[in-house]
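Take a look at the structure below.
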Amino acid sequence: MDILIKTCHFLPQVKEFYRSCINMKEIDRLGAGPMTEVIDSCGGWDLSGAPPGGAGWDSGSAPVRPDFNEMLYKTQAVYSTSVFFSFTVSVDDKNSSRNAIRIDQEGLTLPERTLYLGQDEDSVKVKHNHHRIFKCKILSTVLCEQACLCYLTFFLFFAKITVSEYDDQRKDISSVYNRITLKQLQKMFHWKRLLDRIFNDNFSEEEEIVVLATDYMQTVSDIIKTMVLHNYMLWRIVAALSEHLSTAFRSTIHEFSREIDGGERQLDLERLCLNQANKHFGMALGALFVQQHFSSSSRAKVQELVEDIKHSLDQRLQELDWMDEETRDAARAKLQHMMVMTGYPDFLLKPELIDEEYGFDVNEKTYFRNILSSIKYNVKLSVKKIQREVDKTTWLLPPQALNAYYLPNKNQMVFPAGILQPTLYDPEFPQSLNYGGIGAIIGHELTHGYDDWGGQYDRYGNLHTLSLSHTHTHTDCTHLNTCVCVCNIADLGGLKLSYYAYQKWVREHGPERPLPGLKYTHEQLFFIAFAQNWCMKRRSQSIYLQLLTDKHAPEHYRVIGSVSQFEEFGRVFHCPRGSPMHPVNKCAVW
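Each residue of the sequence shown is one higher than the last, beginning at 468 in the numbering used here.
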């Protein structure tokens, strides 16, 4: 693989992209120039307030401004900026073999609507700084005062009509899923013209589109018909792309990030550019990472560990007294059909296929243009998917990602090579550490197939609700500070499944030798490995943001909440029954 990679087109391409990113001398010399070109390509700012085509819309030598549909096309298909709604081509939740155009709500720049609408001190502070920093510092560079007065009003409007992703309404996929024809969609807005332009096609009016926020879409469509939104759309493009401009722009963005998460230090240039290379050439860098840091033998051993934990879940499904037989049969069938991807996608073994992912030009003196070329090419790849059947072997993350995920509409679990590293996993580690580390994460992802999100999908990845009413009843006691958290249940379930799998391994292979110099048993090391994964220090701003935007509890509570509800932890560490870490009454699902 090493020899093949060295002959690939993508390797010099990635290097040239990285060099363009660290060339701050050239980036600073250009200043706001690249953004000015983008603004001009969109017709410039409208200072008249006149509707498209009205008096005052064009004046002097100003470039001709596109009409609303053309401007919306530019935001979505040229600059990949979701202004009012998002367009994606992805798996149809009710027919997982088919790709569909999905339209959903997408009108905010801050990560949660509460940050716009909340009256608490933290929310007000974030909103004020967002307005001050972006309006006074970024927009003043590329926009006069008159054109930016109304953008905060738009943000507040979109925040009010957006439904939070954590709202029960959004959790019930069947209730928000609407598959309608393009002809029906046309009643809201001239969607056919826009979609034909984006997809370079001539869609039949009978083409089916998946709409996930019907009320939101209707409200936005009404606003579009009555208000001049050119400046707002242009502002959103500026906000999305300004991180790729000169030092002055980047410092301003860091100032706002500091207000959001409390981080004092700005990323050094090399790290920032590595992150950008990872974002735009993820699979290419993934091939290099796998070559150096993940062997085929490691992949095989991880797959064995996954099968052990799947077996543990299958055993639990047969034992659970709160499942009726119909649900049990469906749950076990879903487990048998579940696809598990480990390490890396197989196409990375064929470098010529990697080259196809990056069919755009890169120049080390034009960083901003390189970003635009990457965006345009990725939009092109996404658009092509509408003509193809779903490939259920594709990955959302590159191999170097330090993450794992479960996709219910593919019934697919993915564990990239990046998370299959010390301290979570090493083929030379004692199995107590591997099962307590990566094993608990594998178990966590497995249980997502049966929670109030994944449980809405059948073995094939189609929306088809399993009988989960018993599950919800059984989780009534699983609270953290009066808040039920699905991921807390997944943490505890994953810990249990991995522990049972480790006990099975010990029965089959015999007890592991004690580690020299340590007073802990391997059962204790199992729990220590689990807890070590969540060691983290957070600033107060970061914790506040996490509570608003993350479905997971803060790391400290993920550990305490899981182990204190597991009988075996109290036994292994000799905790007195009735103590905080070994309460008499425990909650259990798995």
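The beta-carbon is built from N, C-alpha and C at its ideal position, and this holds for glycine as well.
Query                                                                                                                                                      : Result
Give the range of the beta strand (DSSP E) segment to which A567 is assigned.                                                                              : 562-572
Using CA atoms only, rank isn't needed, just tell me which of E819, R565, A754, G1045 is closest to V677.                                                  : R565
List the residues that DSSP assigns as beta-bridge partners of D559.                                                                                       : N562
I believe Y924 touches N878 by the beta-carbon criterion, under 8 Å. Please report the beta-carbon distance rounded to the nearest angstrom.               : 7 Å
Using a 10 Å radius around the Cβ and a threshold of 16 neighbouring Cβ atoms, would you call K541 buried or exposed?                                      : buried
Does the segment 499-515 touch the segment 692-707, meaning 3 or more C-beta pairs lie closer than 8 Å?                                                    : yes
Quick one: what's got a C-beta closer than 6 Å to C950's C-beta in the same chain, skipping five residues either side?                                     : Since pLDDT at C950 reaches only 39, below the 50 mark, its modelled position is unreliable, and the value read off the structure follows with that caveat. Counting only Cβ-Cβ distances below 6 Å, and skipping sequence neighbours, we find nothing.
Assuming K654 contacts E672 under a Cβ cut-off of 8 Å, what Cβ separation, rounded to an integer in Å, is found between them?                              : Between E672 and K654 the Cβ distance is about 11 Å, and since that is not below 8 Å, they are no contact.
Suppose the cutoff is 6 Å on Cβ atoms and the five residues either side in sequence are ignored; what does the same chain contact list for S549 look like? : E573
Assuming V769 contacts Y892 (C-beta within less than 8 Å), just tell me the rounded distance between them.                                                 : 7 Å
Using C-beta distances below 6 Å, list every residue in its chain close to R1025, excluding the 5 sequence neighbours before and after it, in chain order. : D958, W1001
For the alpha helix (DSSP H) holding Y618, just list the boundary residues, first then last.                                                               : 618-628
With N645 as the anchor, note down where its alpha helix (DSSP H) starts and where it stops.                                                               : Careful: N645 lies outside any alpha helix (DSSP H), inside the beta strand (DSSP E) at 645-648.
According to DSSP, is E819 part of a helix, a strand, or is it coil?                                                                                       : helix
Tell me which same chain residues have a C-beta within less than 7 Å of the C-beta of Y987, skipping the five on either side of it?                        : I995
With 16 as the cutoff for other CB atoms within 10 Å, does M694 come out buried or exposed?                                                                : exposed
Please check the pair W972 and D775, which I expect to be a contact at CB under 8 Å, by giving their CB distance rounded to whole angstroms.               : 6 Å
I'd like the ranges of any alpha helix (DSSP H) spanning at least 4 consecutive residues and lying wholly in the segment 731-760.                          : 736-747, 749-760
So F551 and V687 are supposed to be a Cβ contact under 8 Å. How far apart are they, rounded?                                                               : 5 Å
Which residues mark the beginning and the end of the beta strand (DSSP E) in which G810 is found?                                                          : 806-810
Please identify the residue among N669, R732, L780, L787 whose C-alpha is closest to the C-alpha of T914.                                                  : L780
Examine chain B for any beta-carbon lying closer than 8 Å to the beta-carbon of C1054, and answer yes or no.                                               : Within the model displayed, chain B is absent; a lone protein chain is all it includes.
Distance check for M880 and Y811, CA to CA, integer angstroms please.                                                                                      : 12 Å
Given that a residue counts as buried once 16 or more other Cβ atoms are within 10 Å of its Cβ, and exposed if not, what is W524?                          : Low local confidence applies: a pLDDT of 39 at W524 is under 50, so the model's placement there is unreliable, and no value is given.
State the CB to CB distance for the pair E1035 and Y966, rounded to an integer number of angstroms; the pair is presumed to be in contact (CB under 8 Å).  : 6 Å
To the nearest angstrom, report how far apart I628 and D635 are at their CA atoms.                                                                         : 15 Å
Can you check whether the CB of F1040 is closer than 8 Å to the CB of Q991?                                                                                : yes
Do you know whose CA, among L478, K592, C740, lies nearest Y485's CA?                                                                                      : C740
Would you mind giving the Cβ-Cβ distance between H989 and S841, rounded to the nearest angstrom? I have them listed as a contact below 8 Å.                : H989 to S841, Cβ: 47 Å. No contact.
Using C-beta distances below 8 Å, list every residue in its chain close to A744, excluding the 5 sequence neighbours before and after it, in chain order.  : V481, F484, Y485, C488, L752
Are I704 and Y546 closer than 8 Å when you measure CB to CB?                                                                                               : yes
Inspect the beta-carbon positions of G977 and H911 and report whether they are closer than 8 Å.                                                            : no
I'd like to confirm the pairing. Which residues does DSSP put opposite L930 in its beta bridges?                                                           : Y924
Given a cut-off of 8 Å on the beta-carbon distance, is the pair G916 and M790 in contact?                                                                  : no
Would you call the segment 489-501 and the segment 705-721 touching, i.e. three or more CB-CB distances under 8 Å?                                         : yes
Helix, strand or coil for L874, going by three-state DSSP, please let me know.                                                                             : strand
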